[in-house]
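Read the structure below first, then the notes.
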Amino acid sequence: MAEQRSLPVPEGLEGERLDAALSRLFGFSRTRAAELITAGDVLVDGSLAAKSDRVQGGAWLEVTLPPPPVAPMPVAEPIPGMTIVYEDDDIVVVNKPIGVAAHPTTGWTGPTVIGGLLGTGHRVATSGAAERQGIVHRLDANTTGAMVVAKSEHAYSHLKRAFKERTVEKRYHALVQGHPDPSRGTVDAPIDRHPAGDGRWAVVAGGKESVTHYDTIEAFRAASLLDIKLETGRTHQIRVHMSALRHPCVGDMMYGADPTLAARLGITRQWLHAVSLAFEHPATGEWVAFTTDYPEDLAHALKAVGGDS
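Residue 1 is where the sequence shown starts when you use full-length UniProt numbering, and the numbers rise one by one after that.
This is the structure in structure tokens:
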């Protein structure tokens with residue numbers, strides 16, 4: 001249900017543009033404020049106004065706020081190409097294919113790991129938000145590889161804590177443009193949303209601590225295959241850090257990759273694969289490790305870049 005809010009303009013906002021005043025009063029973006037004004041959901045002293053109108057202190061604002069978006073629920077459907085690496089009563093480890101999100105989110109209408117598991121009769125933990133039950137970590141939709149999902153409530157709690165405390169070993173392989181110098185190193189640079197507000201993330205002063213360790217496995221003429229160990233788990237972390245080094249993942253046009261090289265290698269997404277996961281098993285306490293093979297598109301691109309050398 002839409003929410004009606006009525007309040008006077010504080011004297012401190014005297015002379016501000018209406019969209020800026022709404023943004024400061026309600027905490028949403030200027031763009032969102034402008035959308036509400038354009039839709040006729042904002043009245044100033046009982047009349048419609050333009051987003052660029054200047055507000056007067058004490059003027060009466062009436063704002064109709066839309067209901068918060070309802071989180072989409074997973075659609076139970078088998079996912080071609082998603083294979084089970086390991087499963088027991090507490091956990092299931094999958095090799096996630098391209099084009100699959102970890103769980104449903106607003107704006108994502110494609111397949112999800114949770115939906116794929118439910119669609120093939122797998123039970124998952126019900127802890128956490130309903131739309132992401134059992135999910136303790138995520139991979140980008142177009143990043144492939146190893147993901148663990150909790151099946152029991154105990155496993156969910158244990159794994160959530162393990163990821164938070166950084167006791168899980170997460171290893172990735174990335175094919176990046178050029179040759180990082182030094183060939184082995186650590187990127188320790190904070191990450192937050194990109195100031196452009198376009199869905200990208202970036203190295204930003206005051207962002208969240210983000211640490212990436214990398215080591216060159218093999219250097220080719222145009223690119224290098226890296227072994228990467230994540231100490232933290234920020235959104236797009238490897239992609240952002242490699243781009244910040246001026247060596248973006250091959251095919252990652254969002255973060256500055258060369259489209260000509262990507263086309264030559266026949267790749268249409270970032271060359272990034274979660275090769276392995278290792279952690280303490282939530283039931284037995286035993287250290288367990290799981291590895292996954294490269295999918296066909298990454299293997300083909302790697303062979304092609306090797307042929308260039």
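A virtual CB, placed ideally from N, CA and C, is assigned to each residue, including glycine. In this text, all values refer to a predicted model and were calculated from it rather than measured experimentally.
Option nearest residue i by Cα separation, candidates the options
i           : options                           : result
MET242      : ALA301, VAL176, PRO190 and ALA263 : VAL176
GLU165      : GLU231, SER127, ASP188 and ARG184 : GLU231
ALA34       : VAL63, VAL9 and ASP89             : VAL63
GLY119      : ILE79, GLN237, GLY27 and THR260   : ILE79
PRO74       : THR109, ASP297, GLU218 and GLY58  : THR109
SER127      : ALA263, HIS158, PRO68 and THR106  : HIS158
residue 316 : GLY107, GLU218, THR38 and GLY197  : In this structure the chain extends from 1 to 309, so residue 316 is not present and cannot be described.
VAL92       : ASP188, LEU245, GLY40 and ILE114  : ILE114
ALA141      : PRO111, ARG193 and PRO190         : PRO111
ALA155      : THR186, ARG184, PRO182 and ARG123 : ARG123
VAL148      : LEU117, ASP215 and GLY121         : LEU117
LEU13       : GLY197, ASP53, TYR214 and LEU65   : ASP53
ASP215      : PRO182, ILE37, PRO195 and THR83   : PRO182
Nearest-angstrom Cβ-Cβ length linking residue i and residue j, presumed shorter than 8 Å
i      : j      : result
VAL240 : VAL203 : 6 Å
PRO72  : THR106 : 7 Å
HIS273 : THR186 : So it is not a contact: roughly 21 Å between Cβ atoms.
GLU3   : GLY57  : Not really, about 24 Å apart at Cβ, beyond 8 Å.
Cβ-Cβ distance between residue i and residue j below 8 Å
i      : j      : result
GLY266 : HIS300 : yes
ILE238 : THR212 : yes
TRP201 : THR235 : yes
VAL85  : PHE290 : yes
VAL55  : GLU16  : yes
ASP90  : PRO295 : no
THR268 : GLY251 : yes
Heavy atom of the ligand MN within 7 Å of residue i beta-carbon
i     : result
PRO68 : Absence of the ligand MN is noted for the structure shown, with no ligands found whatsoever.
DSSP beta-bridge partners of residue i
i      : result
THR112 : ALA101
Checklist line | Touching by the beta-carbon criterion (3+ pairs, under 8 Å), the segment 97-106 and the segment 35-48 | finding: No: fewer than three Cβ pairs fall under 8 Å.
Next item on the list: Kindly confirm or deny that the segment 276-292 and the segment 168-183 touch, where touching means at least three C-beta pairs closer than 8 Å.
Entry: yes
Notebook entry, point to check: Is the segment 177-196 touching the segment 213-229 in the sense that three or more CB pairs, one from each, lie closer than 8 Å?
Noted result: yes
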